[in-house]
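Student:
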Amino acid sequence: MLRAIHRCLAPGGSLRLILINPAPEVNTLGPRLRTWLEKHLLLNLELKFRCMNPTKLFPNWLEETHLRAEGSTIVRPKFHAIAGDLPKVEDLETHFDITPRLYSQVGRMLWKEVWGRHVATDNWWWEDKSIVQECKELGTFWQYHLITAVRQESE
């Protein structure tokens with residue numbers, strides 16, 4: 311696919327990608343979330359031959375297809391799986407910064423958009439109180455990649 315994109319892009323042209331792995335950063339992944347992911351998502355991905363670690367593999371694939379020229383960037387923002395409860399509307403003026411909570415909410419929306427169609431259950435991991443508690447205790451987070459891949463002028 312990247313070779314086809316390379317052929318379509320003019321030299322100096324760019325491709326923008328957002329990549330997120332199905333699982334959070336491994337050192338923040340607890341047993342409850344790991345079990346949920348294995349039971350409801352990871353096996354389905356393996357059966358469909360889906361990439362399990364796109365943020366690790368894509369930069370190499372971009373390099374191989376000459377899509378890492380000058381101007382290429384990879385930004386690696388992160389979001390916590392659970393950043394605490396949102397304040398009540400009436401408390402917003404006096405409450406502390408809401409930004410981390412918004413990052414978590416938007417991050418979960420991104421995760422659901424990318425991986426949700428492969429999930430084999432009607433309940434999401436963030437709806438399980440024991441998983442939520444585990445994620446809070448461990449500081450579970452995902453790191454997604456915002457990639458701008460620029461085609462080399464000549465190979």
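Heads up: the sequence shown runs through residues 311 to 465, numbered per our numbering. No residue lacks a Cβ here, since even glycine has one placed at the ideal position from N, Cα and C. These figures come from a predicted structure and were not determined experimentally.
(1) On the premise that residue 417 lies in contact with residue 452, defined as a C-beta separation below 8 angstroms, what is that separation, rounded to the nearest angstrom?
(2) Give me the DSSP bridge partner(s) of residue 382.
(3) Please determine if the stretch 347-354 and the stretch 325-334 are in contact, where contact requires at least 3 C-beta pairs separated by less than 8 angstroms.
(4) Which residue or residues does DSSP assign as beta-bridge partners of residue 456?
(5) In three-state DSSP terms, what is residue 376?
(6) Can you tell me the Cβ-Cβ gap for residue 457 and residue 326, rounded? I've got them flagged as a contact below 8 angstroms.
(7) At which residues does the alpha helix (DSSP H) containing residue 361 begin and terminate?
(8) Out of 323, 311, 348, 460, point me to the one whose CA is closest to residue 431's CA.
(9) Would the stretch 380-391 count as touching the stretch 434-454 if we require 3 or more Cβ pairs under 8 angstroms?
(10) Could you tell me which residues DSSP puts in a beta bridge with residue 390?
Tutor: Taking the definition as stated:
(1) As a position in the sequence shown, residue 452 is number 142, starting the count at 1. As a position in the sequence shown, residue 417 is number 107, starting the count at 1. About 6 angstroms separates the Cβ atoms of residue 452 and residue 417, confirming a contact at the 8 angstroms cut-off.
(2) As a position in the sequence shown, residue 382 is number 72, starting the count at 1. BP columns for residue 382 are empty, so no partner.
(3) With a cut-off of 8 angstroms, the stretch 325-334 and the stretch 347-354 count as touching, because enough Cβ pairs lie within range.
(4) Taking the first residue of the sequence shown as position 1, residue 456 is located at position 146. According to DSSP, which records beta bridges pairwise, residue 456 is partnered with 328, 385.
(5) Here residue 376 refers to the residue found at position 66 when the sequence shown is read from its first residue. Note: residue 376 maps to coil in three-state DSSP.
(6) Locating residue 457 in the sequence shown gives position 147, where the first residue counts as 1. Locating residue 326 in the sequence shown gives position 16, where the first residue counts as 1. Contact between residue 457 and residue 326 holds, since their C-beta atoms are separated by about 7 angstroms, short of 8 angstroms.
(7) Against the sequence shown, residue 361 aligns to sequence position 51. From DSSP, residue 361 is part of no alpha helix (DSSP H); its letter is neither H nor E.
(8) The residue given as residue 431 occupies position 121 in the sequence shown. By alpha-carbon distance to residue 431, the top candidate from 323, 311, 348, 460 is 348.
(9) With the cut-off at 8 angstroms, the stretch 380-391 and the stretch 434-454 touch.
(10) Numbered from its first residue, the sequence shown carries residue 390 at position 80. Residue 390 is bridged to 451.
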